[in-house]
Amino acid sequence: MVVNSLSFLWFFLAVMVVYYLCQNRKELQNIVLLIASYWFYSQVDIRMAILLLVLTLVFWLLGKGIGVAFDKDDNRRASILVNIGVAIGIGALFYFKYLNFFMDSIIAFAGLFDLHLSWTAMKLIVPVGLSFFTFKLMSYVLDIYHGKIAPEKDIVSFTNYIAFFPTILSGPIDRPKPFLKQLTVARIFNPDNLMNGFRRILWGMFLKMCIADRLDIYVSAIWNNYEHHSSISIIFASLLYPLQMYADFCGYSEMAIGVALILGFKVAENFKRPFFTINIANYWSRWHMSLTSWLTDYVFMPLNIKLRDWGTNGTIAAIMLNMAFIGMWHGAEWTFFLFGIYHGLWYIPLMISGQFFKKTKIKVNSHGWPTAPFVAKMAGNYLVVTFGLMLFHSKNISEFWAILCRIPEAWNGSLFFDMPTLVNGAICSIALIYVDIQEEWFPNKKIYLPSFAERWRWELTIALEIVAILLFGIFDSNQFIYFQF
Amino acid sequence: MKKLLIHITIVTGLFFVFDRLLGCGLGLLYSQSNATDEYKISYSNESTCDSLLFFGSSRCLHHYVPAIFEEELGVSCYNTADWGIKNIYYHYGLLGNILTRYIPKTIIFEIHPCDWLQTPYSGAERANSLAPYCGMSNQCDEMLQISGNYWKYQLSMVYRYTGSLPNLLAGKYGTMDRSLKGWKPMDGVMDTTNVKAEEYPFAEDTVKIALLERFIKECQQYHIRLIMVESPMYICSKQDVFRFPRILAQKHGIPFLDHYRDSDFMGHRDLFFDFGHLNRKGAELYSKKLSKELRNTLPAI
Numbered sequence: 001m002v003v004n005s006l007s008f009l010w011f012f013l014a015v016m017v018v019y020y021l022c023q024n025r026k027e028l029q030n031i032v033l034l035i036a037s038y039w040f041y042s043q044v045d046i047r048m049a050i051l052l053l054v055l056t057l058v059f060w061l062l063g064k065g066i067g068v069a070f071d072k073d074d075n076r077r078a079s080i081l082v083n084i085g086v087a088i089g090i091g092a093l094f095y096f097k098y099l100n101f102f103m104d105s106i107i108a109f110a111g112l113f114d115l116h117l118s119w120t121a122m123k124l125i126v127p128v129g130l131s132f133f134t135f136k137l138m139s140y141v142l143d144i145y146h147g148k149i150a151p152e153k154d155i156v157s158f159t160n161y162i163a164f165f166p167t168i169l170s171g172p173i174d175r176p177k178p179f180l181k182q183l184t185v186a187r188i189f190n191p192d193n194l195m196n197g198f199r200r201i202l203w204g205m206f207l208k209m210c211i212a213d214r215l216d217i218y219v220s221a222i223w224n225n226y227e228h229h230s231s232i233s234i235i236f237a238s239l240l241y242p243l244q245m246y247a248d249f250c251g252y253s254e255m256a257i258g259v260a261l262i263l264g265f266k267v268a269e270n271f272k273r274p275f276f277t278i279n280i281a282n283y284w285s286r287w288h289m290s291l292t293s294w295l296t297d298y299v300f301m302p303l304n305i306k307l308r309d310w311g312t313n314g315t316i317a318a319i320m321l322n323m324a325f326i327g328m329w330h331g332a333e334w335t336f337f338l339f340g341i342y343h344g345l346w347y348i349p350l351m352i353s354g355q356f357f358k359k360t361k362i363k364v365n366s367h368g369w370p371t372a373p374f375v376a377k378m379a380g381n382y383l384v385v386t387f388g389l390m391l392f393h394s395k396n397i398s399e400f401w402a403i404l405c406r407i408p409e410a411w412n413g414s415l416f417f418d419m420p421t422l423v424n425g426a427i428c429s430i431a432l433i434y435v436d437i438q439e440e441w442f443p444n445k446k447i448y449l450p451s452f453a454e455r456w457r458w459e460l461t462i463a464l465e466i467v468a469i470l471l472f473g474i475f476d477s478n479q480f481i482y483f484q485f
Numbered sequence: 001m002k003k004l005l006i007h008i009t010i011v012t013g014l015f016f017v018f019d020r021l022l023g024c025g026l027g028l029l030y031s032q033s034n035a036t037d038e039y040k041i042s043y044s045n046e047s048t049c050d051s052l053l054f055f056g057s058s059r060c061l062h063h064y065v066p067a068i069f070e071e072e073l074g075v076s077c078y079n080t081a082d083w084g085i086k087n088i089y090y091h092y093g094l095l096g097n098i099l100t101r102y103i104p105k106t107i108i109f110e111i112h113p114c115d116w117l118q119t120p121y122s123g124a125e126r127a128n129s130l131a132p133y134c135g136m137s138n139q140c141d142e143m144l145q146i147s148g149n150y151w152k153y154q155l156s157m158v159y160r161y162t163g164s165l166p167n168l169l170a171g172k173y174g175t176m177d178r179s180l181k182g183w184k185p186m187d188g189v190m191d192t193t194n195v196k197a198e199e200y201p202f203a204e205d206t207v208k209i210a211l212l213e214r215f216i217k218e219c220q221q222y223h224i225r226l227i228m229v230e231s232p233m234y235i236c237s238k239q240d241v242f243r244f245p246r247i248l249a250q251k252h253g254i255p256f257l258d259h260y261r262d263s264d265f266m267g268h269r270d271l272f273f274d275f276g277h278l279n280r281k282g283a284e285l286y287s288k289k290l291s292k293e294l295r296n297t298l299p300a301i
């Protein structure tokens, strides 16, 4: 069930009605939410829902065990239990997502030394959202171990935290403390939440249906047949891909945040205009923020502390490992690993120049616009990101290499121009860029409306957004790109 | 709560105002289209007045040269076919819309397996091209209902034109050679590398078959002479692909002119643009051949 589908709308409306009918009893509300979440997730595959439930119960028991161990001052036992938790989390990820890849890689590597090993690839269905919920599970036991939270007594609340249906498929990856806290109080129907949530859902739909799905037609047409396209078309499609990715994933996040808000939950933000950044460190602090902050807290910081004796080299090593994790988190393919390493390499000059630790502020002119050198740096950073996403988009390294080789070979061809796709996409992309510029540099400046219309600003915006989606949207679209992770 | 209801009411009201205003504007642009597919569809639905009409999908669009038929048969012709694997859902809706304006004397229907088989790439959604004509005829509305979008087109006028704004603007300011009368010639010669016959391993579709029967019966009811035709292919399936339309034509007493394996065309690379579509030269030759055949065998046209 896709979030921007009619079936989801009916499902959500039904859940919302029942959920707020029992708004005075938080326990009942939590049970409604739990049933809804599991029903939603089981629509993908009932076996996945069972796996999710089993893992949830195991981690809940582990959390309890760590709490008991701390009560008895048995730190060793707590340490063993948290390590078991992390091992189960990583083990589940490894088994479902990376086992075949790992074995294939070993066999290929052994082949280099004339060692002939054999392995029959296992036919495994990767549970949807696995990378998201395993991270939530691990952060729960780690946070208990580090004393940030107490073990959750209520199994329903904990299960809700893991399976919360707006975020189970593609995040944002919420931390246990702020989320579980919200489950301890009854969520009373709030018209402001409904209005703001609805607006974010619509904005997410606009990003997904009018920009991401539109650009996908062009980008896929070129990338899936790159051997027949000119250099200029391949470069143009590659330059559009970061925008498509942003609209796709940010669109999903906006919808998830909006749905959660209507249900009375504030979940983590995931994007903060990532292309208005001048270096890769800035970019990652604004792109898929819930993942990067998770990895910063649970991977980079501990690594950095462990490697602190190596000085700058230790930090660089921690960054490279962290970025390799980010890359591999996206999938079992060497392209993802290289994607992470490629980004990691861009951190090295920042580390050496000391910019990594500085908070960069973009200079603006008297009108509030960023100055030309900063615009040039932003454009440069966009190119850096584009090259990385070419790796990300390629099915494997051979394809990536073939595309790179195609670029210098096919300069004599013309630009493939799919007029309806590009014009529709351009109109909507300009709207997105306008909104992002407005929020980034002119957050207090609103479009002027005559006073009689000013009081209906929200209504006007919503009505126009719906009409825009109907006019420019694609209604028979693909899944979200991030569902595969 | 009261405040929220007011907000919702205002949003709904504003939406309908914006949607109707913009929808009317888009509808105007659509019917004023001078080029692009929108012109073709709007002309076929709103403006045709010719005695002989060609119905079908891309093979019909590229294969039937109205000027040649006009010269041979002495009647005005128009090729209403549209590309994009259009099937009986679209043809039946189009027929309904045309019948609200006038009754053509003859329809030449280039039938394709997607008109009676459960082809996964061509289902009821093909009728959505008729969305701007929602409400024009019962047949059209019924097809849009089967496609599952009728209520959406009723609810939103803008949705009828979703994604088509650039085409509408290009159509408004572009031009098209109207003397071709709906025919779209293809220039070039096919590349025969790896060419294989198209197979249709699909079950019969009872809904499509019922619609085909209704199409035939409605033509008979309005005394329209219906001729089913199959034009040549570069390479043909070994199966008897057109057994079904042959039986159907026999059942209803209508002619079925089968040129699928016509040796004047089959295997002649220079007459094809690709394995299923004749190029300009091939289409002109085929139109001459078919128009003569019609003149000799069906003199009443």
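Those protein sequence lines, which keep their order, are chains A and B. First residue of the first sequence: 1, per the working numbering; consecutive thereafter. First residue of the second sequence: 1, per the working numbering; consecutive thereafter. The beta-carbon is built from N, C-alpha and C at its ideal position, and this holds for glycine as well.
Residue i classed as buried or exposed, judged by whether at least 16 other C-beta atoms fall within 10 angstroms
i: A/Asn-71; result: In the sequence on display, residue 71 of chain A carries Asp and not Asn. So A/Asp-71 ends up on the exposed side.
i: A/Ala-247; result: buried
i: A/Trp-284; result: buried
i: A/Gly-340; result: buried
i: B/Gly-188; result: exposed
i: A/Ile-168; result: buried
i: B/Asp-240; result: exposed
i: A/Lys-136; result: buried
i: B/Val-17; result: exposed
i: A/Ile-469; result: buried
i: A/Thr-292; result: buried
Length of the line joining the Cα atoms of residue i and residue j
i: A/Leu-243; j: B/Ser-137; result: 43 Å
i: A/Lys-272; j: B/Pro-113; result: 51 Å
i: B/Ser-287; j: B/Met-228; result: 15 Å
i: A/Leu-57; j: B/Gln-145; result: 47 Å
i: B/Ile-254; j: B/Ile-108; result: 11 Å
i: A/Ala-379; j: A/Leu-194; result: 37 Å
i: B/Thr-12; j: B/Ser-122; result: 35 Å
i: B/Gly-171; j: A/His-367; result: 40 Å
Residue from the options with nearest C-alpha to residue i
i: A/Trp-203; options: A/Thr-315, A/Phe-475, A/Gly-413, A/Thr-461; result: A/Thr-461
i: A/Asn-412; options: A/Val-435, A/Thr-371, A/Gly-327, A/Ile-234; result: A/Ile-234
i: A/Arg-200; options: A/Leu-53, A/Ile-144, A/Glu-269, A/Pro-443; result: A/Glu-269
i: B/Trp-116; options: B/Phe-69, B/Asn-34, B/Phe-202; result: B/Phe-202
i: B/Arg-225; options: B/Trp-151, B/Leu-53, B/Ala-67; result: B/Leu-53
i: A/Arg-187; options: A/Pro-450, A/Trp-369, A/Arg-455, A/Gln-29; result: A/Gln-29
i: B/Gly-267; options: B/Ser-47, B/Pro-104, B/Ile-235; result: B/Ile-235
i: A/Cys-22; options: A/Val-185, A/Asp-213, A/Glu-409, A/Asn-83; result: A/Val-185
i: B/Lys-281; options: B/Lys-184, B/Lys-86, B/Arg-295; result: B/Lys-184
i: B/Arg-20; options: A/Ser-118, A/Ile-474, A/Leu-464, A/Val-32; result: A/Leu-464
i: A/Asn-396; options: A/Leu-432, A/Leu-9, A/Leu-338, A/Leu-422; result: A/Leu-338
i: A/Thr-277; options: A/Lys-64, A/Ser-220, A/Tyr-382, A/Glu-454; result: A/Tyr-382
i: A/Phe-387; options: A/Tyr-342, A/Glu-399, A/Ser-398; result: A/Tyr-342
i: A/Gly-89; options: A/Leu-55, A/Gly-67, A/Trp-119; result: A/Leu-55
i: B/Ile-98; options: B/Leu-130, B/Ser-33, B/Leu-29, B/Glu-70; result: B/Leu-130
i: B/Gln-32; options: B/Phe-242, B/Glu-284, B/Gly-174, B/Lys-217; result: B/Gly-174
i: B/Val-207; options: B/Met-186, B/Arg-243, B/Gln-118; result: B/Gln-118
Heavy atom of the ligand GDP within 6 Å of residue i beta-carbon
i: B/Gln-118; result: The model on display carries no ligand, and the ligand GDP is accordingly not part of it.
Ranges of the alpha helix (DSSP H) found wholly within the stretch 311-394 of chain A, counting only runs of at least 4: Counting whole runs of 4 or more residues, the stretch 311-394 of chain A contains the alpha helix (DSSP H) stretches 312-329, 334-353, 372-393.
Runs of alpha helix (DSSP H) wholly within the stretch 233-300 of chain B (minimum 4 residues, chain order): At a cut-off of 4 residues, the continuous stretches assigned as alpha helix (DSSP H) that sit fully inside the stretch 233-300 of chain B are 243-252, 280-297.
At least three beta-carbon pairs within less than 8 Å, the stretch 91-101 of chain A to the stretch 59-78 of chain A: Contact between the stretch 91-101 of chain A and the stretch 59-78 of chain A is absent: fewer than three C-beta pairs spanning the two stretches fall below 8 Å.
Sequence ranges, beta strand (DSSP E) only - wholly within the stretch 99-155 of chain B, length at least 3: Entirely contained in the stretch 99-155 of chain B, the beta strand (DSSP E) runs reaching 3 residues are, in chain order, 106-110.
Meets three-Cβ-pair contact criterion under 8 Å: the stretch 64-81 of chain B and the stretch 197-204 of chain B: By the Cβ test, the stretch 64-81 of chain B is not in contact with the stretch 197-204 of chain B, since fewer than three Cβ pairs between them sit closer than 8 Å.
Segment contact flag, the stretch 341-352 of chain A with the stretch 310-327 of chain A, C-beta cutoff 8 Å, min 3 pairs: The stretch 341-352 of chain A makes contact with the stretch 310-327 of chain A; the number of CB pairs closer than 8 Å reaches 3 or more.
Completely contained beta strand (DSSP E) runs for the stretch 53-106 of chain B, where each covers 3 or more residues: Whole beta strand (DSSP E) segments, 3+ residues: 77-79.
Segment contact flag, the stretch 7-14 of chain B with the stretch 40-51 of chain B, C-beta cutoff 8 Å, min 3 pairs: Look at the beta carbons and you see the stretch 7-14 of chain B not touching the stretch 40-51 of chain B: under three pairs across the two are nearer than 8 Å.
Whole runs of the alpha helix (DSSP H) within the stretch 163-240 of chain A, excluding any shorter than 4 residues: Entirely contained in the stretch 163-240 of chain A, the alpha helix (DSSP H) runs reaching 4 residues are, in chain order, 176-182, 191-205, 213-223.
The stretch 221-228 of chain A in contact with the stretch 144-153 of chain A per 3-pair CB rule at 8 Å: Judged by Cβ distances under 8 Å, the stretch 221-228 of chain A makes no contact with the stretch 144-153 of chain A, as fewer than three pairs qualify.
Whole runs of the alpha helix (DSSP H) within the stretch 39-120 of chain A, excluding any shorter than 4 residues: Qualifying alpha helix (DSSP H) stretches, in chain order: 46-71, 75-93, 99-112.
At least three beta-carbon pairs within less than 8 Å, the stretch 38-50 of chain A to the stretch 152-168 of chain A: Verdict: yes, contact present.
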